[in-house]
Amino acid sequence: MAYKINCTNLPVLNKLQTNLSNSHRFQRSELKCRAQTRQETQLQASGVAYRVDFQTLRSCKLGIARYPDFEYNANGGTGTAIGRHTGLAAGAKDDDISVSFNVETLYIPALTCETTRFLGLPLPPFLKIEIVPEAFEGTINKTSGKVDLQFRAKFWFSVGRLYRAPPLLVDTTLTSEESIGNMREGKGERIDEEGRCRLVGVATVDPIDDVLMNSFLGLPTECIAIMDAKILITDTNSSPTLWCKNDSLSQSK
């Protein structure tokens, strides 16, 4: 006679799973808090002019090759940057702020069945694409709202525990202006008075050490990111928190 044990009915196992889950969440929270504390100390010690907070929003899209775009809800993504005036750098303007985001605390949600739809349908529950940032830095103009941020990240594609491809490396400039490639193009929107903007970036994705992925995606090819975001700039030398303001709505360069 065969017996089936329902683990959900065992209080000891339930308690153990809950404790482990809470422990992992606490460890992640503690690591993030430590990294943020280190950055705050750097800000205070260096006399930096600005702290820049970045948030990703719901209406985002990601596309690769000539496939239809993924509709991507990136709500909940966050990042913090140190901001400095660019000074007399070549081509810099008086209101340009040079920013460098802390990749230790920069978080962008993964593409999963909960965050992403393709052709109107959620991704299969076993499919996941993780985004691991390696660099996020550039300039923001505090007056015009123009944004140019160099973004480099690894995209890890996996199918449950059965398959995990080598990462796709994406290196692009997320801009509030136009981004034009050979296959893909898009136009962003500058930061408005509420801090909202749309950043667009086209990049070339090179082949990886995986015949299946190279063939399926037709690598090398182009990809595009369309990110709705919110950018908050705080003057560290005074108490008010300032949104970037787009005083001139024209997209003059």
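Numbering of the sequence shown is given in our numbering, commencing with residue 4 and proceeding in unit increments. Even for Gly, the Cβ is constructed at its ideal location relative to N, Cα and C. Bear in mind the structure is a predicted one, so any value in this text is a computation, not a measurement.
Residue j beta carbon less than 8 angstroms from that of residue i
i    : j    : result
T89  : R54  : no
M216 : F139 : no
E180 : R120 : no
A232 : G204 : no
I236 : G86  : yes
R193 : G141 : no
M186 : E225 : yes
D212 : P169 : yes
Span of the beta strand (DSSP E) around residue i
i    : result
F160 : 150 to 162
M230 : 224 to 238
K131 : 130 to 144
S101 : 99 to 104
S182 : 181 to 183
E107 : Segment: none, E107 is in no beta strand (DSSP E) and carries neither H nor E.
E188 : 188 to 190
I1   : Outside the shown range of the chain (4 to 256) lies residue 1, about which nothing can therefore be said.
L171 : 171 to 178
Y75  : 73 to 75
T115 : Unbroken run through T115: none, as it is neither H nor E.
Residue nearest to residue i in terms of C-alpha spacing, selected from the options
i    : options                : result
C116 : L122, G123, P128       : P128
S60  : I211, G79, G141        : A small fix is needed here, since residue 60 is Leu in this sequence, not Ser. Measuring from the Cα of L60, the nearest candidate turns out to be G79.
E133 : T146, Y110, T207       : Y110
Q153 : L222, T178, C200, E107 : T178
A206 : E107, D174, G189       : D174
T176 : L222, L202, R167       : L202
F104 : L114, P210, T146, D151 : D151
A52  : T81, K145, L126, T118  : K145
L114 : K64, T108, E196        : K64
Residue i classed as buried or exposed, judged by whether at least 16 other C-beta atoms fall within 10 angstroms
i    : result
I183 : exposed
D99  : buried
L124 : exposed
F57  : buried
G163 : exposed
R69  : exposed
S62  : exposed
S24  : Per-residue confidence for S24 stands at a pLDDT of 45, beneath the threshold of 50, marking its modelled position as unreliable; no derived number is given.
N240 : exposed
F2   : Given that the chain is displayed from residue 4 to residue 256, the structure contains no residue 2 and the question cannot be resolved.
A48  : Since pLDDT at A48 reaches only 46, below the 50 mark, its modelled position is unreliable, and the value read off the structure follows with that caveat. With fewer than 16 Cβ atoms within 10 Å of its Cβ, A48 is classed as exposed.
L165 : exposed
F219 : exposed
G198 : buried
G66  : buried
G191 : buried
G189 : buried
V214 : exposed
Residue i - containing alpha helix (DSSP H), residue span
i    : result
N217 : 214 to 220
Cβ distance (whole Å) where residue i is taken to contact residue j below 8 angstroms
i    : j    : result
L122 : P71  : 6 angstroms
V208 : L171 : 5 angstroms
P112 : A156 : Actually they are not in contact, since the Cβ atoms of P112 and A156 sit about 13 angstroms apart, beyond 8 angstroms.
I143 : V106 : About 18 angstroms; that fails the 8 angstroms criterion.
Any non-hydrogen atom of the ligand GDP within 7 angstroms of residue i CB
i    : result
V102 : The ligand GDP is absent from the structure shown, which contains no ligand whatsoever.
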